[in-house]
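Protein chains in written order, with this note's numbering: chain X, 1 to 381; chain H, 1001 to 1381.
The structure appears below as structure tokens.
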């Protein structure tokens, strides 16, 4: 018997309860029944985003909502500061360029976090910047950004703070309103434990001023249409009924766990993953790591393409390799969403076996043991 | 006991086999396993589109692919002729306007079909038109357009023919290559019997020349990225794994039925619906009706909002009302996708009961009887 486990930074594992909700017989989207579901889902998303604003649902992956954030706030020529500390930070820059923004790229070594100090410098150098685009949890490197501190700066400036929360929402506490974030986007297939296909976006009051005046072409991603339809708990185009029902179930499960417990679980999973990797002599990619994914430098001479393939095809355990220039050089253990403490032991065990088979020399079992202690050590005291 | 039936022109009923495929445990999209599925699905879509070109899958509803068609071919100022004979024809015009095209609106009375003769006139008046946007099956009115004849004109001109095939693909025969259509788009939740969330788009060789040179901003819907990724059977962003698996199952069922049988089934369902409505004294909205939906003028004094609500809430049978200025005045019976002949009797029966309860005077049972004869009359001969 071989069970399949996914420890990928999205899509992530989907609870059977959510799969079955997705499989329920279809209903029509222009019905009070569907609006009732959207309303409930909207409440759940507001909790996760930490906002009283409406959170709109886009039929499309996280990138669609990232594009919506830029296209709805910027007109051609507007200055956009894009922090590029990984593949997803680079995406901000690509989108802003596609929309003919005057792009100021802030390049970081992959794995480093964008600091509030540097944010202050940039905001003072570019007081005319329309938007500052950052990545809360940079999935390609596992680096965390201090969104709260940066929002403390942008809220006092004329620059809108746009945050990619795709792998942070549902993993880390997000407080859009309290922190003063202007736009935050997320996706279904990460912390929210739902298959890919949905993304979410919410905007502050001052972001809405920009949205009303942007001259960039947009239709499917026009947030004005989203807002207009949401007032009746509707979507501008056909509502993605099955994925929305899956999301309703997932949000219900998250509420049952309790958001505090959920964030604490992710913190423990991340801590245990890091402890395990250190115990087998490996180094982390990120200085200030996120709780949804652990990025690890492979031992010299080991191609992580081979590592991930062996794990997936031979052990049924899927993790991710590196992206961009880190392809083949790092591996990434996703532990977001539907991952319990016990699951993580399965993952660390598989990593150890694959590394051993590929010739890396280390104390076999040290990773599993370290993870076990970090996860369950409370029983010893 | 009350079963729920959907006779809506999208989303349509989803076979249990497809729902269960959608509910299968998630796999990662950047895997050979997912590429294998995409390849198979791509083959099925090519058959439905009648093309040797690749058909790309967009995570987004049909409107997203409509926007992709315009944004990828037109630069601001390009002339776009948009045929507006219903809500979905109007959408072409709205999208082209959003992208700052020089829009030539061709307005038709709702229910009339755009004729090849009028197309010839427009093409000769506007030889500089970059695109002509038409609707194969106008879902809001049930009017069919002769795409083959119009493509015979555009292929000899410098104007690209862009076709909304959202409710025609999988219902009517579509021969993109033979007819010479430049771009055709469709969606998952219509003839393809899959929940909403996916759309499909394919482009001719000469459309690709326009795509390479369009200067409109686009990122998520950039067809160049779709093409690049499709060469490895991949999607530019996270693949919508569960919906794609649902689609694979649905395409397999369509292939088992046989496309000829499938088109013939839709023809019979449409013929029977029309016969039933005429038998109870009602008039059709469309002169030249499509086979996926039958649009019917309500009897004087009957609000179709009340009719559809009664049918849905009391009988469990969902049909659609009118859109735009026909709201309340017409009703629409969807019979596309997972609708068998027997199902249609259920629908006609419910329409008769609701009309009778709302006070319309007609020979009760005449519709069901006419439908029955049209569907199963072969047994009499």
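Yeah, the Cβ is synthetic: ideal placement off N, Cα and C, and Gly gets one too.
The beta carbon of residue 90 of chain X sits closer than 6 angstroms to the beta carbons of 84 from its chain, once the five residues preceding and following it are set aside; these are given in chain order. For residue 1305 of chain H and residue 1346 of chain H, the gap between their C-alpha atoms comes out near 20 angstroms.
When 9 angstroms is used as the limit between beta carbons, residue 1126 of chain H is near no residue of chain X, the shortest such separation being about 22 angstroms. Distance from the CA atom of residue 1217 of chain H to the CA atom of residue 1149 of chain H, rounded to whole angstroms, is 33 angstroms.
Nearest in C-alpha terms to residue 1374 of chain H, of all of H:1363, H:1338 and H:1278, is H:1278.
A distance below 9 angstroms separates the beta carbons of residue 367 of chain X and residue 280 of chain X. A residue is called buried when at least 16 other Cβ atoms come within 10 angstroms of its Cβ; residue 335 of chain X meets this threshold and is buried. Along the length of the segment 1128–1177 of chain H, whole alpha helix (DSSP H) runs at least 4 residues long occupy 1147–1154, reported in chain order.
For residue 1029 of chain H, the CB contacts under 8 angstroms within the same chain, skipping 5 residues up- and downstream, are 1234, 1235, 1238, 1239 and 1241 in chain order.
With the criterion set as a beta carbon lying under 8 angstroms from some beta carbon of chain H, the members of the segment 294–322 of chain X are 312, 318 and 320, in sequence order.
Not a single C-beta of chain H is nearer than 9 angstroms to the C-beta of residue 141 of chain X. Note: residue 1300 of chain H is not bridge-paired with any residue in the DSSP secondary-structure output. Under the 8 angstroms Cβ criterion, the segment 144–163 of chain X counts as touching the segment 173–186 of chain X, having at least three qualifying pairs. By the C-beta density criterion, residue 1213 of chain H is exposed, having fewer than 16 other C-beta atoms within 10 angstroms. Boundaries of the alpha helix (DSSP H) harbouring residue 1065 of chain H: 1062–1073, taken from the DSSP string. For residue 207 of chain X, the closest C-alpha among the options X:130, X:247, X:147 and X:143 is that of X:130. The DSSP-derived three-state label of residue 1023 of chain H is coil.
Within the segment 1095–1109 of chain H, the residues whose Cβ lies closer than 8 angstroms to some Cβ of chain X are 1095, 1098, 1099 and 1100, listed in chain order.
In the DSSP annotation of this structure, the continuous segment of the alpha helix (DSSP H) that includes residue 343 of chain X starts and ends at 341–357.
Residue 1071 of chain H has a beta carbon lying within less than 9 angstroms of a beta carbon in chain X.
Residue 1197 of chain H reaches chain X at 59, 197, 240 and 243, counting residues in chain order whose Cβ is nearer than 7 angstroms.
Nearest to residue 370 of chain X by C-alpha distance, out of X:282, X:293 and X:273, is X:273.
With a cut-off of 8 angstroms on Cβ pairs, the segment 1054–1067 of chain H is in contact with the segment 218–232 of chain X, counting three or more such pairs. Inter-residue distance for residue 1357 of chain H and residue 1351 of chain H is about 10 angstroms (C-alpha atoms, whole angstroms). For residue 1254 of chain H, the three-state secondary structure derived from DSSP is helix. Interface annotation, residue 1086 of chain H: not in contact with chain X, CB-CB separation never under 9 angstroms.
Residue 89 of chain X carries a helical assignment under DSSP once its states are collapsed to helix, strand and coil. Residues of chain H whose Cβ lies closer than 7 angstroms to the Cβ of residue 28 of chain X are, in chain order, 1006, 1008, 1011 and 1318. DSSP places residue 98 of chain X within a helical segment (H, G or I) once states are collapsed to three. Contact annotation for residue 253 of chain X against chain H: no contact, minimum CB-CB distance about 16 angstroms [criterion: below 7 angstroms].
Neighbours of residue 1237 of chain H in chain X, taken as residues at a C-beta separation under 7 angstroms, are given in chain order as 61 and 63. Taking residue 1075 of chain H as the centre and dropping the five residues before and after it, the same chain places the C-beta of 1214, 1215 and 1216 closer than 7 angstroms to its C-beta, in chain order. DSSP places residue 1049 of chain H in the helix class (H, G or I) of the three-state scheme.
It is roughly 56 angstroms from the alpha-carbon of residue 224 of chain X to the alpha-carbon of residue 359 of chain X. Secondary structure of residue 187 of chain X (DSSP, three-state): strand.
Pairing residue 292 of chain X with residue 372 of chain X gives a Cβ-Cβ distance that is not under 9 angstroms.
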